[in-house]
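Position 81 (the sequence shown) corresponds to 81 in full-length UniProt numbering; numbering is contiguous.
Don't be surprised by glycine CBs; every beta carbon is placed ideally from N, CA and C.
A short write-up of the structure that comes next.
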Amino acid sequence: MADNLSNNAEQIGGQGVTIKCDEAPFGRRKYNKGRQRLQTWVLGGIERDMRENQPRRMFLEPVANRNSETLCEIIQRRVLPGTIIITDMWRAYSNLDRNGAHFRHLTVNHSVNFVDPNTEANTQI
């Protein structure tokens with residue numbers, strides 16, 4: 001499944017479709033128990049709303065670097081123009097709706113709340 005998600009070049013989102021994007025580490029030990037594994041960061045995106053008679057689409061892609069250039073390049077490649085993208089306020093996402101990108105970018109400041117009271121944006125699945 002993981003190979004299919006990262007190797008599948010299908011784009012998600014589209015005009016007026018909202019997706020949630022976030023990055024997370026995979027492969028680390030829990031509570032420092034068990035053998036040590038290399039940690040891999042993965043960027044994922046999932047459509048928030050189901051379309052009629054269609055499953056939600058999503059992508060997962062390993063990232064070597066969590067900087068703005070890397071994350072924005074993946075999102076521009078994997079997300080269709082006109083999509084509303086919700087992320088947390090990680091600074092690497094700050095350029096998503098700049099430089100000719102055709103997205104609307106909403107953010108959630110998790111240090112204040114998990115759901116933005118003005119836009120109702122959240123990164124909960």
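Using a Cβ-Cβ distance cut-off of 8 Å, the stretch 48-64 and the stretch 88-108 are not in contact, since fewer than three pairs of beta carbons, one from each stretch, lie closer than that value.
A direct Cα-to-Cα measurement between residue 105 and residue 51 gives close to 21 Å. With fewer than 16 other Cβ atoms from the protein chains shown falling within 10 Å of its own Cβ, residue 27 counts as exposed. In the DSSP assignment, residue 71 falls within the alpha helix (DSSP H) that extends over 68-78. Nearest Cα to residue 87 within the set 9, 48 and 16: 48. Rounded to the nearest angstrom, the Cβ distance from residue 19 to residue 45 is 5 Å, consistent with a contact under 8 Å. In this structure, the alpha-carbon of residue 67 lies about 5 Å from that of residue 92.
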